[in-house]
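Encoded as structure tokens, the structure appears first; notes follow it.
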Amino acid sequence: MGFIARRSRPRARRSKPRRGRVRDKQFLAFVASKFCLVCGSPSTVHHVRFCGSHRNDRRTLPLCGRHHQIQPGPYTSIEALGKVKFEATYGVCIEDEIRKLNAEYEEGRAVQLQ
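This is how it looks when you write it as structure tokens:
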């Protein structure tokens, strides 16, 4: 007997984000406009999660590709090293940086609303 492929229905898009997910596209754009915390080059957005937690757009850091994603060669990224080794290697406190970014964003929004 041969292999029979089953057709599955195309997945419908969710009308609402998953429960627990915090979305804030303006904040993501704000973080993406910053430079890498480690080397100062143009950055991408890295979501910082606790074990088993949902993604939260307000818990993000600006990191360049080299310090964000696993690259060939020596391990320098947060995804390769893990949070603890990344903090120790580069002297960056992730939680402090998240708080600073959120405070700076809220301060900028308050000025815009006035």
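Residue numbers for the sequence shown follow the numbering used here, beginning at 1452 and rising by one. In this text, a Cβ means the ideal position worked out from N, Cα and C, and glycines have one as well.
Mind checking which residues open and close the alpha helix (DSSP H) that includes residue i?
{"i": "His1518", "result": "Gly1516 to His1519"}
{"i": "Lys1536", "result": "Lys1534 to Tyr1541"}
{"i": "Ala1483", "result": "Lys1476 to Ala1483"}
What do you reckon, are the CB atoms on residue i and residue j nearer than 9 Å?
{"i": "Leu1552", "j": "Thr1495", "result": "no"}
{"i": "Val1473", "j": "His1497", "result": "no"}
{"i": "Arg1509", "j": "Phe1478", "result": "yes"}
In terms of residue numbering, what span does the beta strand (DSSP E) encompassing residue i cover?
{"i": "Thr1495", "result": "Thr1495 to His1498"}
By Cβ distance, which residues of its chain are closer than 7 Å to residue i, with the 5 residues on each side in sequence left out?
{"i": "Gln1520", "result": "Ser1528 and Glu1530"}
{"i": "Thr1540", "result": "Leu1532"}
Exposed or buried, residue i, counting other C-beta atoms within 10 Å across all chains shown (16 or more means buried)?
{"i": "Pro1513", "result": "buried"}
{"i": "Phe1486", "result": "exposed"}
Any beta carbon of chain C sitting closer than 9 Å to that of residue i?
{"i": "Asp1475", "result": "This model lacks chain C altogether, as it is built from one protein chain only."}
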